[in-house]
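Sequential numbering of the sequence shown, starting at 10, is according to our numbering.
We put the beta carbon where it would ideally sit given N, CA and C, even for glycine.
First up is the structure itself, then whatever we jot down about it.
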Amino acid sequence: MEKQPNRIPCESLDFVEASHRHRVYPLMYCHMEIIGHLDIERLKQSVSLSSEIVPEILCAYDFKKNCFVDLGYTANDVVRYTAENMTSVLQQDLDSHPQFQIFIISQRNHELVIAVMSHILADGEGFLQYLYLLAALYNGKRLNKNIENHRDISPLLKNIHVLAPTEQAKRHKHLSISPLRPAETGNQFLCLTSQISSCDMELIHQKARASGTTMNDVFMTAYARVIAQLQNINTVILPCPADLRRFYPELDTLTIANMTGIYRRITVEIPPGCSFGMTLQQVHIELALQKSRYRCFVGIKALDRIFHKAPRLLLGQAVKATYRLTPVSYTNFGIISHEKLCFTDCTIQNCFLTGTYRLPPDFQLTISTFKNRCTLNCTLQGSADGEKAGQYILELIKQEVLNWIA
């Protein structure tokens, strides 16, 4: 009798990411420009060691049975050199590839490195945790022998009581946002960026602190104002992801997992003449109110409670009804630590994270910061016209922020 492969069941929020794969394929990318050359054998050894802690990285994903499957992949299947043609890098089928892969494009004095992570395995913070783990192993750091990766979200949910929506959200509960780009037919993979310098970022930090707001508030404000401008509207609805780990009882625990909730409706009113500062305070207050009401946990406790009991078909329908995708979205990956993401004898000159490549007409703004240099990004499938539209949006958002500190 043929031996059955080892299977590792997925968690409830993994299932959410898998359920939307036909519209938003669950992948994330880390782009690095490295001065020097990575030691490939050392990197492969680090991947092998990391798989003892996170075995899912060497698994494929079975979408029918909703589990990670050991098909015998090794570090040789994870670490790969590639040609300049990036299409094969960007299109990774998670049911026939490992959940993590790293592609190296070697050039004369530097290397371009693209790490690809399954969003079924981890969210943005989990992705960063894995990259830090991999780098630590590469650099020869000794890890605690008892280190474990915790993927179960149930400890987060024990003392959480979700309260009613805010008045702002109730007032505009029937409002939705139209797409920012046309439903075109192009199939180019477009990774678009616009950067804010470290000098400007320092000024933004100072002004945000002085106004009692956060960097996330600032970028959401700029995004909302650009949407209002492009669509000629006075009220914008934006979903905002939230890292649930801050509710975890052991903050230093390794959690390469999906532990992200979402504030589904951050409602921003931008009447004519409303200044950036006024919009910023409104965004800050609305986010604070939703946080105090635990609105990022809406639907998660119920889903986790029934996840291992209900039929998968029913669960899939419930997820699609509860976690509705919007054509305009936002995620802030936060700060990528240059102290944790580093490789011996190499220097990472530039680094940023992106979400998956969005099909038309969807658009997602992503933000990440490395060495105090901020990268605004959108990753799209589209045409040359889509590329122009996407880059134009990024530049408008950047200019909104820079005008605020001028």
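- Contact annotation, L189 with V227: C-beta distance approximately 20 Å; criterion of less than 8 Å not satisfied.
- By a beta-carbon distance limit of 8 Å, G135 contacts I265. Their separation comes to about 4 Å.
- Non-local beta-carbon contacts of L146 in its own chain, meaning distances under 7 Å to residues more than five positions away in sequence, involve S55, L58 and S59 in chain order.
- Assigned with DSSP and collapsed to three states, D71 falls in strand.
- Relative to L201, the option among I414, E409, K397 and N412 whose CA is nearest is K397.
- CA-to-CA, the gap between I162 and K310 works out to about 9 Å.
- Assignment of beta-bridge partners to L263 by DSSP yields N158.
- In this structure, M210 sits near N381, with a CB-CB distance shorter than 8 Å.
- If you draw a straight line from the Cα of Y82 to the Cα of S346, it is about 29 Å long.
- Per DSSP, the unbroken alpha helix (DSSP H) holding F136 starts and ends at G133 to Y147.
- A check of alpha carbon separations from A237 across I113, C283, Y70 and L253 identifies C283 as the nearest.
- Note that the stretch 369-381 does not touch the stretch 294-307; fewer than 3 beta-carbon pairs, one per stretch, sit closer than 8 Å.
- DSSP places T244 within a strand segment (E or B) once states are collapsed to three.
- Boundaries of the alpha helix (DSSP H) harbouring E211: S207 to A219, taken from the DSSP string.
- Ranked by Cα distance from V87, the options L143, R117, A131 and G133 are led by L143.
- Exposure of R151 is indicated by the presence of fewer than 16 other C-beta atoms within 10 angstroms of its C-beta.
- Approximately 13 Å separates the beta-carbon atoms of V245 and I406; this is outside 8 Å, ruling out the contact.
- Boundaries of the alpha helix (DSSP H) around R180: E176 to R180.
- When C-beta atoms of the stretch 113-130 are compared with those of the stretch 25-40, three or more pairs fall below 8 Å, so the two segments count as touching.
- Straight-line measurement puts the Cα of A27 at about 24 Å from the Cα of T194.
- Residues T202, Q204, F361 and S377 of the same chain have their beta carbon placed closer than 7 Å to that of T384, with the five preceding and five following residues left out of the count.
- When the alpha-carbon of D394 is set against those of I62, R30 and N196, the nearest one is in N196.
- Put simply, the backbone Cα of P320 is about 12 Å away from that of L312.
- Under DSSP, L199 shares a beta bridge with L389.
- C-alpha of F285 to C-alpha of Y232: approximately 11 Å in a straight line.
- In summary, P280 is exposed, with fewer than 16 beta-carbon neighbours lying within 10 Å of its beta-carbon over all protein chains present.
- With a contact defined as Cβ atoms closer than 8 Å, M229 and L22 miss out at about 22 Å.
- In this structure, the CA atom of T353 is about 50 Å from the CA atom of Q177.
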